[in-house]
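J.: Sending over a structure as structure tokens; questions will come in a sec.
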Amino acid sequence: MMQIRNPQIKRLSHQREHSVQGLKKLRESLERARLKFSLQGGKVTALCLQEGEQVWALNMKRALLSMFQTSRTASKQELVQETDIYGTCTSRYVRQGPVLLKSRDLTECQRARLANFWPHSVLITEDTSVQSELHCLQKHDSTLMQEVNCTEAVSMTTWSKTAGVMRTQTVSSLLLLRAQPATPPSQDPVGGGVRTDLRFEEEGTARQTQDRTSALQDISQTVRTLCSLTSDPKMVSQEFLQLVFQLRDLSLPQLRTLWEEASFKCRNDWQPLLDALPACGSESCVVLLSDLMRNKELEEGQAEAFLTTIALVPRPTPQIIDSINVLLEVPEVQSKALLSGSSLVYQLCQRSRTSCGELPQVQTFINRLEEILKGGTKGENPAKVQTLVYALKSVGNLGLAAPVFVPLLEHFMLSQSSLLELRLAAIYALRRYPCSVDRAVLLQLYRSSLEDPEVRIAAYQQLMRCPAQDVFEAVKMTLKSETSSQVGSYVWSHLTNLLRSEDPMKQTLIESLPDDIVSRDFEAEFLKYSSYADYTVSSGMGLANVETSLVFSPKSFLPRSATANLTVYFHGRAYNLLEVDVHVENAEHLVKNFFGKEERECDTEAAQSKEPRRMRRRTEDAHKEGKEACLNRARSFLDQAKAMLLGRRRTEANRPKCWIGVKVFGNELSVLTCEDLYKEIDQLSLSAAGLAVKLLKGHEVQLNHRAALMTEELVLPSLSGLPVKLGINMTSLFSLRLKGNVNYRDTSHFSLTGYVKPNAHVGLSAWMGVDGALGCAAVDWVSELRSSTSLDGSVQLQEGRDLRVTLNTPEDVMDIISISSRVFQLSGDHREEIRGPKTRGLRWWAGSCAPTPSYPFSAGDFSLPPPGPVSVSLRLLKLDRGLHYYVLEAAYSLLAQRGSWLPREASLHVLLATPQSSIPRDMSLDLNFSPNRLLLRITHPLKTILIQGQLVQDRSVMSGKMELSIDGVHYYILGLVDTQNHPAEQRTRYHFEAKMAPDENPMILSVNVTRSPGRKTSFAATVKNVFSETASLSAVLERRRDGSSKQYSVETELLLPGMLGARMLGLMEQRGSVWNSALRLKYGLGGDARNLLQECYTTQRVRSERDANLTNVMRADHEFYCSNTAPVNHKIHLRHEESHSHIKSTLDVSYGKHWDEINNKRTLFLSQSFKNQSTQNHTSYIARVQPPGAREEFELQDSASALPPQAAKL
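FYI, the UniProt record's numbering numbers position 785 of the sequence shown as 785, with every residue one higher than the one before it.
Set out below in structure tokens:
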């Protein structure tokens, strides 16, 4: 028997005293009832709950009794499964002398709660988001436990590894003061009660204890408060979040009463209660929304948006499924209800401990889905294709291996008469089926080379979701003999990317793949062949994996489908955030029409029509027929585009087909076909038309969106018996206010005047601490993103060419974007902001409990979102009081020319100005372009740049000039070519002038070239303002021919002042068999460049003749002389004679300083001869060689004799 007497409850807040009456009620609640329990073998096996016991008081008693649990048999170490306030998990006992140490890893006990807290995730490894542990020290005597000291720590890991953890610590102590005899059972005054156990029980919220009238009044007041808040987005978000929490506590009758009383609209046409119902997510809220949809009290667009939100309800109930079943009979929302209902059924079955397929509500949903699929298998009526696509996508959402669906799916897969989108949808419907389901049909489709490549690729994708060795072998053999380049390239890219992927979910598949599974290589050009890609990125928050697929078909040059999938890994869990699948067929003609030749020709014709009126009159009749043809083609293309975009169906069989699927957390929430897109565009057109009408009347238009994106709460039992709560809330708010006057004639002539005021607010808060009847002690982290801007002005467009935009920011201070993060300590009713990078803690005491929540900060760590207090803002401050508005002017003219993308003439004017401003900031750009003229002027407050160019051709003179002016400093480049033709010669003058530095004279290059046909060419060039004096270069080339003689001469002069001066004469002459050449050079270096003190010359003479003895004689003479290279000056004489029996060569070289003297000692003489003295039977060769410097000749003779045949026989 447990009874608490004289409990002492100290202050719950450091700032104020609680009322005496309130403390008295708390003490009375603890003392009111006795608690009977059964203690067997050191374990509390049962409790007997008395009537009137409050839940929070019972939980505190459970916590105290949990501390009594011990092990009587532990000698050294023992592991025991125990059930206490945390649940059932393993306890570890270690004996250390008289002390028994007890520890528990509470993560095992809280696994189910954590899975419920992260509803749309998959556990990959151990969940590290919340870590809990318990350590107790127990002291026993021979019969009784003398003392127990326990410490519990609960840590919440933040989004970043470097940001630290939020931690709550609880310390409890029990000390035996005295022991007294137990009361005999017969004398026990306590009567019977309700049997229960030690496990923690969540207490109901305070709202549930209120009376119905008070709760409804509070919610109605919250709705009115939201309508009155128009300028503070933060307060709107907080009040809207409070409204969502208030709605969760109401029953269905209360919600219906509230709807009748508080479903009114605010002055800005906002209906807060309606927007809060889907965010509420409770069973009552969903049922009420379903009733509104069934009774058609909501617009179709609203109903579809709400069904998408309902599909993500984390904890659906059978009653919610039942309310969705009712909507399946409403044609307007049937398709969307199929997707939402199937997602809810999957979530329900994932958390159900029994077979959820046996629930009547789930059976009803499955039966209705079966009816839709069976109705579509009879003839494939095109009118039902859209409904069948939704139904097959819903089967994929379900993930239930219902026997009734398997033959239906196989029928769609194997039927060649079924549409491609139905076959693909049937294949993808197996994505959540367990691997125990037979996938032989998928293997058959993949291995069949006659199947469509898209079908084969889809079958391969589903096969690899359930890998097995027989599948790997089939993939290897099929890839080796693959005949389809599209299928082969996709499978090859998938396997190669898979083998090097770092995605945690694929590691098991990677390890099971055979080493030789890639049996053949394929092309990897992703714009031509089907491909798969896998990317994994690591950050301080976790891992992010992106998968992309691009599938081509031989039927089209465009990709038929594209898929992108994003999965993030955070604290041991995988979140499949988003997957988008796009499929398009028969879009080739649209691309061809858009990029085709017809439009370019029409554009050319239209450009030609902009010629001056005089030219247009001359050519109007000639081009009239062509223009009419172009107009007809343009109208045809516009009609096709309009039919596609505005929903008018094409009558031809190859009209475009498409669908877009969006999966969030693995649930297919939206499927848009081309028909749906047409409807959306029609609806958008109507909405835009209504908006335009309001603007034409001068009314203000407001567009608002408010949503509660996340409202999750995790409740964990604690050692004190009070709940440790973790809450994460996220809200978003966007509003746009428009007002203006519109004068509209057409798209090329209109004016608009008004203002636009967008506002955005995104709030994210995380709360952790102890919250119960005794008070609150917690850490609250609040992060906000805000944007509040305002802009007014006007836009005017005339004739599609002249644009004038006037903009103004009326507010002196405007926050473009602001990000803030703040941390608060909560203690009772007191809220204190934590400032500074240090660890702060908050403590409160209540009996034996001492929870201590704290939040650490590290000054050196940085992460996004920021872990601690931070504020970042991009703010626009109006410092110029005279600045009233910005002016943007833009005008252009264009004259195109046929066969070229470059226009014949073009002009552009852009001006950005701030009239009446005290700060010069006007900027302008002017551009004029024509074939012979270019003008570009850029004006800026700090710099003015002018670029102008001109090209002029007047008969034989062509000149061009390019000028650059920067802040008045002039630079230019000038060029001229003048060609004069005379009967005897042609004269060309080239003139180039460039000024590249502001304080220097321009560089001038002049070149004169004179050509006499077939005889003489002269060249003269001068360069000024480069050297200290004028530099020059001249050259004369002349050719003469007289009978059997030819003569070529060249004369050049070069002067580079202070560097080099040179004069060169060259002559080459041929007279019969004699060639003569001479070259003479005079030059001067440095300061002697004009004196030409140095001289070099060289001569060559070659003569070839044949004498009377038929001997060929060749004589060659060469001389080289330089005034400053005496050691290498030389002359060479070479004589070579050759006849049929004799060859003789002599070489005589004289070199050195006295090379041209007879007595020169530096000589080289080489002589050789070769004589053939052979007869009929005798062969003899004699060679004589006189080496250089030798006086004697050396003779070498080689002889051989041959006998007659008769002598050989003897």
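Every residue, glycine too, gets a C-beta built ideally from N, C-alpha and C.
Could you please give the first and the last residue of the uninterrupted beta strand (DSSP E) stretch that includes residue 1170?
T.: In the DSSP annotation of this structure, the continuous segment of the beta strand (DSSP E) that includes residue 1170 starts and ends at 1163-1172.
J.: Could you check the C-alpha separation between residue 518 and residue 482 for me, to the nearest Å?
T.: In a straight line, the C-alpha of residue 518 is about 12 Å away from that of residue 482.
J.: Quick one: any contact between the stretch 88-99 and the stretch 526-541, if contact means 3 or more CB pairs under 8 Å?
T.: no
J.: CB of residue 169 to nearest heavy atom of the ligand HEM: below 7 Å?
T.: Absent from the structure shown: the ligand HEM. Ligands present: none.
J.: Taking residue 719 as the reference, which of 56, 704 and 1115 has the closest Cα?
T.: 56
J.: Is the Cβ-Cβ distance between residue 303 and residue 333 less than 8 Å?
T.: yes
J.: Residues in the same chain with beta-carbon distance under 8 Å from residue 363, minus the five sequence neighbours each way, listed in chain order, please.
T.: 357
J.: Taking residue 833 as the reference, which of 778, 813 and 876 has the closest Cα?
T.: 778
J.: Under a three-way DSSP split, which group does residue 667 fall into?
T.: strand
J.: Would you kindly work out how many angstroms separate the C-alpha atoms of residue 550 and residue 495, rounded to a whole number?
T.: 15 Å
J.: In three-state DSSP terms, what is residue 758?
T.: strand
J.: For residue 757, tell me which candidate among 137, 217 and 230 has the shortest Cα-Cα distance.
T.: 230
J.: According to DSSP, which residues form a beta bridge with residue 585?
T.: 657
J.: Among residues of its own chain, excluding the 5 on either side of residue 651, which ones have a beta-carbon nearer than 6 Å to its beta-carbon?
T.: For residue 651, the pLDDT reaches just 45, beneath the cut-off of 50, and the residue's location in the model is therefore unreliable, although a value from the coordinates is still provided. Counting only Cβ-Cβ distances below 6 Å, and skipping sequence neighbours, we find nothing.
J.: Could you tell me which residues DSSP pairs with residue 433 in its beta bridges?
T.: Paired residues: none, contrary to the question.
J.: Please report how far the alpha carbon of residue 149 lies from the alpha carbon of residue 137, in whole angstroms.
T.: 5 Å
J.: Which one or two residues does DSSP pair with residue 1047 in a beta bridge?
T.: 1040 and 1069
J.: So the candidates are 1154, 1157 and 1145; which of them puts its Cα closest to the Cα of residue 1167?
T.: 1145
J.: Taking the alpha helix (DSSP H) that residue 345 belongs to, which residues open and close that run?
T.: Looking at the DSSP string, the run of the alpha helix (DSSP H) that includes residue 345 is 334-351.
J.: List the whole-angstrom C-beta distance separating residue 455 from residue 421, where the pair is believed to meet the contact cut-off of C-beta under 8 Å.
T.: Going by Cβ atoms, the distance from residue 455 to residue 421 rounds to 11 Å, so no, they are not a contact pair.
J.: Check the DSSP bridge columns for residue 1211 and list the partner residues they point to.
T.: With the chain covering 1 to 1210 only, the question about residue 1211 has no answer from this structure.
J.: Flag this pair as touching only if the stretch 718-737 and the stretch 57-76 have three or more C-beta atom pairs under 8 Å; answer yes or no.
T.: yes
J.: Select from 50, 40 and 46 the residue whose C-alpha is nearest the C-alpha of residue 30.
T.: 50
J.: Would you check if the distance between the CB atom of residue 1064 and the CB atom of residue 1092 is smaller than 8 Å?
T.: no
J.: Verify whether the separation of the beta carbon atoms of residue 729 and residue 698 is less than 8 Å.
T.: no
J.: Between the Cα of residue 474 and those of 446, 450 and 487, spot the shortest distance and give me the residue it belongs to.
T.: Of 446, 450 and 487, the residue nearest in Cα terms is 446.
J.: Is the beta carbon of residue 346 closer than 8 Å to that of residue 1218?
T.: Outside the modelled stretch of the chain, which goes from 1 to 1210, sits residue 1218, for which no answer is possible.
J.: Taking 8 Å as the cut-off, decide whether the C-beta atoms of residue 215 and residue 242 are in contact.
T.: no
J.: Strictly by DSSP, which residues pair up with residue 680?
T.: Beta-bridge partners of residue 680 (DSSP): none assigned.
J.: Excluding the 5 residues preceding and the 5 following residue 79 in the sequence, name in chain order all residues of the same chain whose CB lies nearer than 6 Å to its CB.
T.: 90 and 92
J.: So what does residue 579 bridge to, in DSSP terms?
T.: Residue 579 is bridged to 565 and 663.
J.: In terms of DSSP beta bridges, what is residue 427 paired with?
T.: Answer is none; residue 427 lacks a bridge partner.
J.: Exposed or buried, which one is residue 429 when buried takes at least 16 other CB atoms within 10 Å?
T.: Burial call: buried.
J.: Measuring straight from C-alpha to C-alpha, what distance separates residue 1122 and residue 1130?
T.: 10 Å
J.: Would you report the Cα separation of residue 1066 and residue 1049, rounded to the nearest angstrom?
T.: 5 Å
J.: Let me check understanding here. Comparing Cα to Cα, which of 1108, 1079, 1085 and 1109 lies closest to residue 1096?
T.: 1079
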